[in-house]
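**Q**
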Amino acid sequence: MGRLDNVTVMVTGGGSGIGRAGAIAMAAEGARVAVLDIDDALATRVADEITGAGGAARAWRADITSPDEMTAAVDGARDWAGGVDVLFHSAGIVAPAMLKDMTVESFERVVSVNLTGAFVCLKAVLPHWIEAKRGKFIGVTSPAGVRGQVGGGNYAAAKGGVIALVKTAAAELARYGITANALLPIAATAMSAKVREDPKLEERFLSMIPLRRWASPEDIAPSVVYLASSDSDYMTGSILSVDGGRTI
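Once you know that position 217 of the sequence shown is 217 in UniProt numbering, the rest is easy, because the numbers rise by one and skip nothing.
(1) Near A59, which residues of its chain fall below 6 Å by C-beta distance, leaving aside the five closest residues on each side in sequence?
(2) Once DSSP output is grouped into helix, strand and coil, what is the label at M235?
(3) On a CA-only basis, which of M10, V9, D5, A21 is nearest T189? Give me that one, please.
(4) Under 8 Å by Cβ, that's how I've got T141 and L184 pegged, so tell me the actual separation to the nearest angstrom.
(5) L206 to R213, Cα distance in whole Å?
(6) Determine whether the beta carbon atoms of V125 and V84 lie at a separation below 8 Å.
(7) Can you give, in chain order, each stretch of the beta strand (DSSP E) that sits fully within the region 128-203 and has at least 3 residues?
(8) List the endpoints of the continuous beta strand (DSSP E) containing R58.
(9) Just to confirm my understanding: we take S230, look at its own chain, exclude 5 residues before and 5 after, and list those with CB closer than 8 Å. What are they?
(10) Compute the Euclidean distance between the alpha carbons of R134 and V162, then round it to the nearest angstrom.
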């Protein structure tokens, strides 16, 4: 028996990075996985990878900032699997710039995807979770959301907002049997590529991580499985840091 047998998980940003790794790991534990991504080809590739390994998955193309598209995706996943038990909101973007150079448009776009998108996705599943009296929301934050980030004020503001959203959801929704927690990772993904491609910048960044190395997305995936499973049933409003010690 897998830890996620008879559980349906929806993963946003599931086509790459931590979303992909989490989707594959949860499927290996028995979950039915609805893979959502704005890039349909990436979502389909991950779903095919899961089904090719004997798991259950379907792909949906969805813009997480669109309430209509997210409602349609949730309805589609419920028709396919009979419900959505866990929402792992992994989708996100970056647009680095110093505050003095950052445009309002850049700030709003990053906040829209990383923070407003989290709210839109949660809002899409809430009616079903409240009726069922259960559900698990897993948001993804960042050390930037706790410590700030030079050259990434838009991203830091959004990820700090995710923490506040998760804590508010935990407080409001506990009466319905719904939990909300935040995963705080550092990993070598496309979002950290610019840092990793600049040796001096990477050296400076890694010097702030006590373990002095990057995690792979697969290193983060077991924590996703934990938050999605019954092992975390008495955990809500928490931040699970898998960041090599960055936020000590």
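From the three backbone atoms N, C-alpha and C, an ideal C-beta is built for every residue, glycine too. Every value quoted in this text rests on a predicted model; they were computed, and no experiment measured them.
**A** On the basis of the data shown:
(1) Excluding positions up to five away in sequence, the list reads V35, A43, T44, A47.
(2) Looking at M235 - three-state DSSP - the assignment turns out to be coil, as it is neither helix nor strand.
(3) Of the listed residues, the one whose Cα sits closest to T189 is A21.
(4) Taking the Cβ atoms as the reference, T141 lies roughly 5 Å from L184, within the contact range of under 8 Å.
(5) Each residue's Cα considered, the two are about 6 Å apart.
(6) Yes. Within cutoff.
(7) The region 128-203 contains, as complete beta strand (DSSP E) runs of 3+ residues, the segments 135-140, 178-185 (chain order).
(8) Counting along the chain, the unbroken beta strand (DSSP E) around R58 starts and ends at 56-61.
(9) Counting only Cβ-Cβ distances below 8 Å, and skipping sequence neighbours, we find R3.
(10) Put simply, the backbone Cα of R134 is about 21 Å away from that of V162.
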